[in-house]
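Here the working numbering is used: the first residue of the sequence shown is 7, the next is one more, and so on.
What follows is a single structure, written as structure tokens, with notes after it.
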Amino acid sequence: MSSDSNSGAKTFWQQSNDLNNRAWRHRLARFARANFQRGCARLLQLADDPRVVTAWRHGWDADHFIRLLRCRDRGFRPRIVYDIGAHEGRWTEMCQSIFSPAQCFLFEPQPDYQARAKTRQPAGARWEVIPVALGDAEQIRQIYVTENDTASSLLRPLEGGVPPAWGTRTVNQREVQIATLDELAAKNKWPAPDLVKIDVQGYEGRVIAGGKNVLSQAQRLVVEVSLHAIYSEQSLLPEIAGTLSGWGYEIEDMNDACREWAGRLWQADLWWRRAGNPPTQ
């Protein structure tokens with residue numbers, strides 16, 4: 007008899023991994039496993055670096071917090087920080103707490119989030135919120151506002167294939183101004199960045215293309231990349247990695263940014279350092 011004769015029979019756990027299975031016992035199993043997974047992840051973070059409790063208390067990204075602390079421990083002291091895709095400004099707020107940089111530039115095209123970011127600016131900190139999106143050409147473009155507002159993008163979300171729970175369905179569209187980083191920086195005579203974060207939901211390739219002169223001066227970059235397409239015409243990891251490697255950067259670390267339930271990794275944050283900089287431990 008073939009060893010595959012019973013391959014059609016699914017175990018309880020296989021059935022529970024199917025998000026379309028709405029039976030109460032499988033939903034309960036997923037709920038319990040998800041909470042257990044989150045608890046274990048927190049314990050691992052706490053064991054790795056007890057200072058992570060500060061990130062939890064402020065609602066910052068714990069993985070990023072630990073990595074940035076390690077950079078500081080190794081002597082990295084960025085004076086100028088660029089936060090591209092700043093959203094509510096939490097990442098800049100975290101960098102301000104860790105590094106006390108001389109100046110931070112936050113690029114965010116949506117007015118609601120520009121206002122929220124400004125409320126996070128500590129007294130005495132020099133922040134400049136730039137009300138534009140960055141890309142590879144100056145233009146007016148529609149931003150697709152999604153159910154999950156953190157998934158909103160200048161690229162049209164793909165229909166089908168992406169887990170519905172991620173909330174990538176478009177619920178609104180609005181026009182935003184797009185400019186290139188190189189042109190803006192030259193026009194305004196901004197100082198070159200030491201540390202840059204790029205999180206623009208599939209638009210990373212265009213941001214990088216329009217900012218080579220500026221971005222290539224940074225000591226470290228943190229870039230969210232996609233392994234599989236979530237938006238139309240987006241650049242994926244191989245293209246982004248090829249470009250930044252060609253500029254003299256090397257991958258120092260990476261962490262999950264978006265993984266489907268019991269499935270594959272869709273997005274990751276890649277941590278780049280210019281070749282010759284000391285590695286983070």
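We treat Cβ as the ideally placed atom computed from N, Cα and C, and that holds for glycine.
Compare the C-beta of Ala38 with all C-beta atoms of chain D and state if any pair is closer than 8 Å. In the displayed structure, chain D is absent; only one protein chain is listed.
For the candidate residues Thr152, Gly91, Ala191, Trp267, whose alpha-carbon lies nearest to that of Glu210? Gly91
Counting Cβ pairs, one atom from each stretch, are 3 or more of them under 8 Å apart for the segment 184-193 and the segment 219-227? yes
Which value, in whole angstroms, describes the spacing of the CA atoms of Cys77 and Arg57? 14 Å
Where does Trp30 land, buried or exposed, given buried means 16+ other C-beta within 10 angstroms? exposed
Tell me which residues share the same chain as Pro169 and place their Cβ nearer than 6 Å to its Cβ, disregarding the 5 neighbours each side in the sequence. The residues are Glu266.
Other residues of its chain near Met260: CB distance less than 7 Å, five sequence neighbours each side excluded: Ala274, Asp275, Leu276, Trp277
Mind checking Gly166: buried by the 16 CB within 10 Å criterion, or exposed? exposed
By Cβ distance, which residues of its chain are closer than 8 Å to Ile146, with the 5 residues on each side in sequence left out? Glu181, Val182, Gln183, Ile184
CB-CB under 7 Å to Trp272, same chain, minus the five flanking residues each way: which ones, in chain order? Ser232, Leu233, His234, Ile236, Cys264, Arg265, Glu266
For the segment 151-158 against the segment 125-137, are there 3 or more C-beta pairs whose distance is under 8 Å? no
Could you tell me which whole beta strand (DSSP E) segments of length 3 or greater appear in the segment 93-142? 109-113, 133-136
Counting only the same chain and skipping the five closest in sequence on each side, list residues whose C-beta sits under 8 Å from that of Tyr255. Leu227, Trp278, Arg279, Arg280, Ala281
Taking the alpha helix (DSSP H) that Gln21 falls in, what are its first and last residues? Where Gln21 is concerned, the enclosing alpha helix (DSSP H) stretches over 18-23.
Quick check on this structure: which residue in Val87, Asn27, Arg162, Ser103 has the alpha carbon closest to the alpha carbon of Arg63? Ser103
Are Pro115 and Pro137 closer than 8 Å when you measure CB to CB? A Cβ-Cβ contact shorter than 8 Å links Pro115 with Pro137.
Going by beta carbon distance, what residues of the same chain come within less than 7 Å of Ser241, once the five residues before and after it are set aside? Glu210, Gly211, listed in sequence order.
Decide if Asp69 is buried, meaning its Cβ has at least 16 other Cβ atoms within 10 Å, or exposed. The residue in question, Asp69, is buried, as its Cβ has 16 or more Cβ neighbours within 10 Å.
Would you identify the three-state DSSP class for Asn178, choosing helix, strand or coil? strand
Less than 7 Å between C-beta atoms, sequence neighbours within five positions excluded: which residues of the same chain meet that for Ser8? Residue confidence for Ser8 is low, a pLDDT of 43 falling below 50, so the modelled location carries little weight; the figure read from the coordinates is stated next. Correct list: empty, nothing qualifies.
State buried or exposed for Ile86, treating a residue as buried only when at least 16 other CB atoms are found within 10 Å of its CB. buried
According to DSSP, is Ser251 helix, strand or coil? helix
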